[in-house]
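Enquirer: Yeah, the sequence shown ends on 415 if you go by the numbering used here, and it's all consecutive.
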Amino acid sequence: MSKKIVILGAGYAGLRALHELQKEAADIEITLVDRNEYHYEATDLHEVAAGTQKSERIIYPIRDVVKNSCTTFIQGTVSAIDTEQQLVKLADGKTLSYDYLVVALGFESESFGIPGVDEYSLQMVDVDTAEKIYQHIEEQMKNYKEMQDENALKIIVCGAGFTGIELLGALTDGKKKLAEAAGVDSEKIRLYCVEAVTRLLPMFSEKLSDYGINKLKDWGVEFLTGKPIKEIKEGSVVYLDDKENNTLKELHGGTIIWTTGVSGSHVIGASGFEEKRGRVMVNPDLTYPGRDNVYIIGDCSAVMDEESQRPYPTTAQISLKMGECAGKNIKAQLRGKSTQPFTFHSLGSVCSIGNTHAFGEVGKMEIKGYPASFVKKAIMDRSLFETGGVKEVLAKGRFDFYH
Ligand SMILES: Cc1cc2nc3c(=O)[nH]c(=O)nc-3n(C[C@H](O)[C@H](O)[C@H](O)COP(=O)(O)OP(=O)(O)OC[C@H]3O[C@@H](n4cnc5c(N)ncnc54)[C@H](O)[C@@H]3O)c2cc1C
Numbered sequence: 013m014s015k016k017i018v019i020l021g022a023g024y025a026g027l028r029a030l031h032e033l034q035k036e037a038a039d040i041e042i043t044l045v046d047r048n049e050y051h052y053e054a055t056d057l058h059e060v061a062a063g064t065q066k067s068e069r070i071i072y073p074i075r076d077v078v079k080n081s082c083t084t085f086i087q088g089t090v091s092a093i094d095t096e097q098q099l100v101k102l103a104d105g106k107t108l109s110y111d112y113l114v115v116a117l118g119f120e121s122e123s124f125g126i127p128g129v130d131e132y133s134l135q136m137v138d139v140d141t142a143e144k145i146y147q148h149i150e151e152q153m154k155n156y157k158e159m160q161d162e163n164a165l166k167i168i169v170c171g172a173g174f175t176g177i178e179l180l181g182a183l184t185d186g187k188k189k190l191a192e193a194a195g196v197d198s199e200k201i202r203l204y205c206v207e208a209v210t211r212l213l214p215m216f217s218e219k220l221s222d223y224g225i226n227k228l229k230d231w232g233v234e235f236l237t238g239k240p241i242k243e244i245k246e247g248s249v250v251y252l253d254d255k256e257n258n259t260l261k262e263l264h265g266g267t268i269i270w271t272t273g274v275s276g277s278h279v280i281g282a283s284g285f286e287e288k289r290g291r292v293m294v295n296p297d298l299t300y301p302g303r304d305n306v307y308i309i310g311d312c313s314a315v316m317d318e319e320s321q322r323p324y325p326t327t328a329q330i331s332l333k334m335g336e337c338a339g340k341n342i343k344a345q346l347r348g349k350s351t352q353p354f355t356f357h358s359l360g361s362v363c364s365i366g367n368t369h370a371f372g373e374v375g376k377m378e379i380k381g382y383p384a385s386f387v388k389k390a391i392m393d394r395s396l397f398e399t400g401g402v403k404e405v406l407a408k409g410r411f412d413f414y415h
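1. Which runs of the beta strand (DSSP E) fall wholly inside the segment 277-321 and span at least 3 residues, in chain order?
2. Using beta-carbon positions only, say whether V250 and E243 come within less than 7 Å of one another.
3. Any idea if V294 is buried or exposed, counting beta-carbon neighbours within 10 angstroms, 16 or more meaning buried?
4. Return the chain-ordered list of same chain residues with a C-beta closer than 7 Å to the C-beta of T64, the five sequence neighbours on each side being excluded.
5. Beta-carbon within less than 6 Å of R289's beta-carbon, same chain only, minus the 5 sequence neighbours each way: which residues are those?
6. Output the distance between the C-alpha atoms of V279 and Y382, rounded to the nearest integer angstrom.
7. Taking 7 Å as the cut-off, decide whether the C-beta atoms of G265 and I168 are in contact.
8. Can you tell which of V374, D297 and S320 has its C-alpha closest to the C-alpha of T351?
9. What is the rounded straight-line gap between the Cα of S358 and the Cα of T326?
10. Which stretch, first to last residue, makes up the beta strand (DSSP E) that contains A370?
11. With a threshold of 16 other CB atoms inside 10 Å of the CB of V402, please say whether the residue is buried or exposed.
12. Count the other C-beta atoms from every protein chain shown that fall within 10 angstroms of the C-beta of A103, then say buried if there are 16 or more, exposed otherwise.
13. Provide the residue span of the alpha helix (DSSP H) that contains S331, from first to last.
14. What number of angstroms, rounded off, separates the C-alpha of V114 from the C-alpha of I330?
15. Are there any heavy atoms of ligand 1 lying less than 6 Å away from the beta-carbon of F216, as far as the coordinates show?
16. Report whether the distance from the Cβ of D311 to the nearest heavy atom of ligand 1 is below 6 Å.
17. Would you identify the three-state DSSP class for T421, choosing helix, strand or coil?
18. Go to M377, then tell me how far its beta strand (DSSP E) extends in each direction, as first and last residue.
19. Comparing the CB of A54 with every heavy atom of ligand 1, is any distance shorter than 6 Å?
20. What residue does the beta strand (DSSP E) around R28 start on, and which one ends it?
21. Which residue comes first and which comes last in the beta strand (DSSP E) that contains Q87?
22. Would you check whether ligand 1 has a heavy atom nearer than 6 Å to the C-beta of H31?
23. Buried or exposed: where does L406 fall if 16 or more other Cβ atoms within 10 Å of its Cβ makes it buried?
24. So A54 packs on A370, CB below 8 Å; how close in whole Å?
25. Measure the beta-carbon distance from E378 to S361 and round it to whole angstroms, keeping in mind my assumption that it falls under 8 Å.
26. For a cutoff of 7 Å on Cβ pairs, would you count L228 as touching chain C?
27. Check whether the Cβ of A116 sits closer than 6 Å to any heavy atom of ligand 1, and report yes or no.
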């Protein structure tokens with residue numbers, strides 16, 4: 013009898029696992045579930061939010077990568093997983109049974125319990141939320157034209173992590189278009205970043221992260237670092253200005269975007285998995301402890317890096333590798349062979365600051381400026397290739413290397 017494999021989530025991890033399993037000649041029935049009918053490149057969401065990229069450029073239909081001979085795609089929202097009964101529950105009431113399950117439901121925004129975050133700031137976690145950010149900014153620019161309220165021209169990014177920095181870079185690129193909409197010079201659009209720590213982007217050397225931050229400062233971004241955010245109010249960010257005297261200050265702005273951190277999908281907690289912030293500490297072969305037919309991968313999973321003795325960070329690069337590993341391990345189990353532990357050797361990481369600038373590391377080499385943006389686009393094309401193949405790279409790849 014054929015084995016039923018259910019994959020939840022068609023992001024980097026889920027589609028990479030699908031790709032691996034669809035190569036299997038054995039008798040298998042794969043069901044892929046995602047709430048959207050398209051896959052999106054989450055690493056490009058900041059460009060949609062800043063209006064420098066149309067969402068059509070970062071998505072493609074999931075059906076394009078589904079092999080109808082062995083896979084059924086269901087557009088639906090997963091509400092819970094019952095590993096005892098081997099069932100997945102969908103929001104429309106349907107249930108799916110499985111022999112093997114791959115959970116790849118990705119990330120959500122994390123408020124860390126700070127009051128007002130959910131109500132008064134904008135999240136950037138998928139295509140809809142990224143589009144909402146841009147619509148909101150455009151609205152603010154139009155409001156300025158009518159009301160002449162300078163706050164409408166202020167955009168505050170909360171958090172100076174990788175996502176916040178890439179968003180600020182894209183916003184500096186998008187400033188000209190926004191200024192036109194508001195009928196002002198682009199210097200009048202003010203970009204702020206509020207961040208709790210002072211040593212930014214610790215994954216890079218201090219020199220390299222200073223390079224990126226100083227470039228953004230040169231382009232007009234105002235950084236408030238060492239200022240933990242205490243509350244988000246309607247139209248303002250309240251932060252601790254002076255730790256010794258416990259003095260709070262308020263920064264007003266028409267657009268407040270929350271990028272301080274992410275957690276794994278809420279479905280993980282709702283399904284009773286042992287988790288912390290939606291992430292599950294999995295076995296070295298990526299299975300859930302006590303359930304050797306349930307794989308949890310991508311941003312929902314935490315796996316120990318033996319070298320650093322810390323869990324691997326949540327990145328697209330690692331999610332792709334986890335998808336490959338989970339797919340291969342299920343194939344091994346189907347053949348009665350033993351599974352292999354997950355291993356990852358980083359090829360480096362590059363942070364974009366706009367379309368033509370970036371900085372980062374490739375192997376042991378530090379790169380910056382225009383050549384780094386070239387490398388960043390090549391990395392994006394490669395990850396697009398790993399989920400979508402040649403067709404999607406040709407249709408949606410980044411080939412604007414020459415400026
Ligand atoms: C702006 C930005 C820039 C980034 N830049 C980089 C970078 O340069 N390099 C890098 O390595 N990483 C980067 N990351 C991180 C990277 O995007 C994530 O680590 C990666 O997307 C995780 O992949 P995933 O497959 O686990 O989940 P996701 O990409 O989040 O995919 C999850 C999938 O599950 C679906 N889904 C979620 N919940 C449900 C549900 N309940 N029911 C049905 N379907 C559901 C979603 O629709 C989605 O298709 C960036 C992230 C952001 C936001």
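All C-beta atoms in this analysis are idealised placements derived from N, C-alpha and C, irrespective of residue type, glycine included.
Expert: On the basis of the data shown:
1. 303-308
2. Yes, Cβ-Cβ distance for V250 and E243 is below 7 Å.
3. buried
4. A182, D185, G186 and N367
5. Taken in chain order, the residues that qualify are S275.
6. Rounded to whole angstroms, the separation of the alpha carbons of Y382 and V279 is 41 Å.
7. yes
8. D297
9. If you take the alpha carbons of S358 and T326, they lie about 12 Å apart.
10. Start and end: A370 to V374.
11. exposed
12. exposed
13. A328 to L346
14. 16 Å
15. no
16. D311 has its Cβ nearer than 6 Å to a heavy atom of ligand 1.
17. Since the first residue of the chain shown is 13 and the last is 415, residue 421 is not available in this structure.
18. M377 to G381
19. yes
20. Not the beta strand (DSSP E): R28 falls in the alpha helix (DSSP H), residues Y24 to L33.
21. T83 to Q87
22. No - ligand 1 has no heavy atom lying nearer than 6 Å to the Cβ of H31.
23. By the 10 Å Cβ count, L406 comes out exposed.
24. Contact flag wrong, Cβ pair sits at about 18 Å.
25. Incorrect: roughly 11 Å between the Cβ atoms, too far for contact.
26. In the structure shown, chain C does not exist; there is a single protein chain.
27. yes
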